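Residue numbers for the sequence shown, in the working numbering: 4 to 269.
Glycine included, C-beta positions come from ideal geometry on N, C-alpha and C.
Please read these numbers as outputs of a predicted model, since none were measured by experiment.
As structure tokens, the structure follows; a few thoughts come after it.
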Amino acid sequence: MSEQLIEIMSRWLTTGQISDDEKNLLKNQYLIDIGAVGCKTCGNVWSDIKHHFEYKLKLLNLTPVAKSIRKYIILGGFLMLPGESVVYVNEGQDSEDRKVLTDERAEQILIKHPDYKQLIGINPAWQTRQDAIEAGQESDDEEADETETSGSNEEKAGSETDQKLADLQKAHDTLVDENKKLKEDNRVLKGQLTRTTNELTRLKTAPPVTPAAPVTPAVTPDPANVSTVEVSGEPSATPAGEGSPAESKGSPAADAAQQVIDQSQV
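Below is the structure:
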């Protein structure tokens, strides 16, 4: 901030005096500072402009200038109390016949003489400064409320986000478990399919099987049931109990034996 603006603001804050040209200078600089040079309404709120430059003075460590504003002033410029030879004035230094009206002296006078409120009033510069401070405090409170509300909303949104993340993680874990189970079931089914396919292929490619012929067991005659017949000096075996040799038929040996018997009887 330039020296000229510092001087204007210091005088405005201490005495409340400011010309239209000085207001225009402050307004133009204010619009430049807030980046709203083309705005038609931003520079119309003079409490904002004063608060803006008062804050800049604080940054420059010039706050004592602003803090030196007195609350009370003598509206007529000087004041004499009954029974006193001292004249009270707004500016200057104390002397034997003159005293500067400080806030403490003004309050004491108003307590003793309440009707002097028409002579001792509120300093317009102090009132303007006080309004700016209160406006700034309200702005800070609003910002604090907005911050608190924003923080509460962010906390709520963060809580909702955490819950959504937890639900998604749970669903993800469930799907992973189901996928593992499906893979295991698929592996078992593939094994069963492979074994079934191999067995089917083996059965289709195997040669046809021919049934084996039935086997008739051999009959061995019992020696106890065999009778001996001599034919031309050679014995002939005939099973006992089956009649005479002449009755035995159906066997070449029996037929030959019968022929020998017949020839011997002629």
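Review point. Nearest CA to the CA of Ala128: which residue from Asp265, Asp258 and Gln20?
Key: Comparing Cα-Cα distances from Ala128 to each of Asp265, Asp258 and Gln20, the minimum goes to Gln20.
Review point. Hey, out of Leu113, Tyr91, Ile136 and Ala109, whose CA is closest to Val103's CA?
Key: The candidate whose alpha carbon is nearest that of Val103 is Tyr91.
Exercise for review: State the DSSP-derived secondary structure class of Lys102, mapped to helix, strand or coil.
Suggested key: Annotated three-state conformation of Lys102 is strand, per DSSP.
Point to revise | Buried/exposed call for Thr204, threshold 16 Cβ in 10 Å | key: That one is exposed.
Review point. Cβ of Leu29 versus every heavy atom of the ligand GTP: is any distance shorter than 6 Å?
Key: This structure lacks the ligand GTP; in fact it carries no ligand of any kind.
Exercise for review: Check Gly194 in the structure and name its three-state DSSP category.
Suggested key: For Gly194, the secondary structure class from DSSP, reduced to helix, strand or coil, is helix.
Exercise for review: Please confirm whether Asn93 and Ile76 have their CB atoms less than 7 Å apart.
Suggested key: A contact, by the Cβ cut-off of 7 Å.
Practice item. To the nearest angstrom, report how far apart Ala138 and Ser50 are at their CA atoms. Key: In this structure, the CA atom of Ala138 is about 8 Å from the CA atom of Ser50.
**Study point:** Contact under 7 Å by Cβ, Gly38 with Leu78
**Key:** Going by C-beta atoms, Gly38 is not nearer than 7 Å to Leu78.
Practice item. Grab me the residues of Gln172's own chain with a C-beta within less than 6 Å of its C-beta, minus the 5 sequence neighbours each way, in chain order. Key: Taken in chain order, the list of residues that qualify is empty.
Exercise for review: Report the three-state DSSP secondary structure of Val89 (helix, strand or coil).
Suggested key: Val89 falls in the coil class under three-state DSSP.
**Study point:** Exposed unless 16 or more other CB atoms sit within 10 angstroms - verdict on His54
**Key:** Taking every protein chain shown into account, the CB of His54 has 16 or more other CB atoms within 10 angstroms, so this residue is buried.
**Study point:** Inter-residue Cα distance where the pair is Lys167 and Gly194
**Key:** Between Lys167 and Gly194, the C-alpha separation is close to 41 Å.
Review point. How long is the line joining the alpha carbons of Gln121 and Ile136, rounded to whole angstroms?
Key: Looking at the two C-alpha atoms, the distance is approximately 26 Å.
Review point. Near Leu169, what residues of its chain come up, given a Cβ to Cβ distance below 7 Å and the 5 sequence neighbours on each side ignored?
Key: Strictly speaking, residue 169 in this sequence is Ala, with Leu absent from that position. Counting only residues of its own chain and dropping the five nearest sequence neighbours on each side, Ala169 has no CB closer than 7 Å to any other CB.
Review point. Identify the residues that DSSP records as bridge partners of Leu84: which are they?
Key: DSSP, once it has assigned bridges, lists no residue as partnering Leu84.
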